[in-house]
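Numbering (this note's numbering), first residue to last: 51 to 184.
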């Protein structure tokens with residue numbers, strides 16, 4: 051029977067959060083650029099909304115990375131596979147590999163984005179990751 055260190059669950063959750071926030075950050079950058087190329091009447095407010103949201107995602111991601119570092123963890127490598135992301139992370143000298151299904155990442159990103167845009171008083175990490183963890 052394999053026993054994980056006591057803090058492993060927190061480490062694994064922080065890795066999951068970081069993976070999801072990194073994907074959301076990349077998607078927002080790409081989508082904002084695309085909106086800038088479309089003949090949209092409300093382009094300026096949409097771009098402002100995207101940039102404000104991107105800033106919040108980046109803040110949450112930086113906080114997540116700091117927390118991961120504090121608990122002794124680090125993401126070593128991320129590789130995109132056809133249906134999932136393979137993530138290698140180090141914790142207390144051991145290398146762990148996790149797989150995150152693309153569709154689940156997408157659903158999590160959409161939920162976080164909705165929380166930002168719906169005016170929820172909580173940050174995305176507080177709202178999505180702690181109350182709705184899967």
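In this text, a Cβ means the ideal position worked out from N, Cα and C, and glycines have one as well.
Asked	Found
If you draw a straight line from the C-alpha of residue 143 to the C-alpha of residue 137, how long is it?	16 angstroms
Taking the CB atoms as reference points, tell me whether residue 120 and residue 129 lie closer together than 9 angstroms.	no
Residue 161 lies in the alpha helix (DSSP H); which residues open and close that run?	152-167
To the nearest angstrom, how far is it from the Cα of residue 57 to the Cα of residue 124?	14 angstroms
Would you call residue 66 buried or exposed, if buried means 16 or more other Cβ atoms sit within 10 Å of its Cβ?	buried
Along the chain, where does the beta strand (DSSP E) containing residue 136 start, and where does it finish?	134-141
So for residue 91, helix, strand or coil by DSSP?	coil
For residue 105, does the three-state DSSP call read helix, strand or coil?	helix
Let me know the secondary structure DSSP gives residue 123 once reduced to three states.	strand
Could you give the DSSP three-state label for residue 145: helix, strand or coil?	strand
Going by DSSP, what residues sit across from residue 65 in a beta bridge?	Answer by DSSP bridge pairing: none, since residue 65 is not bridged.
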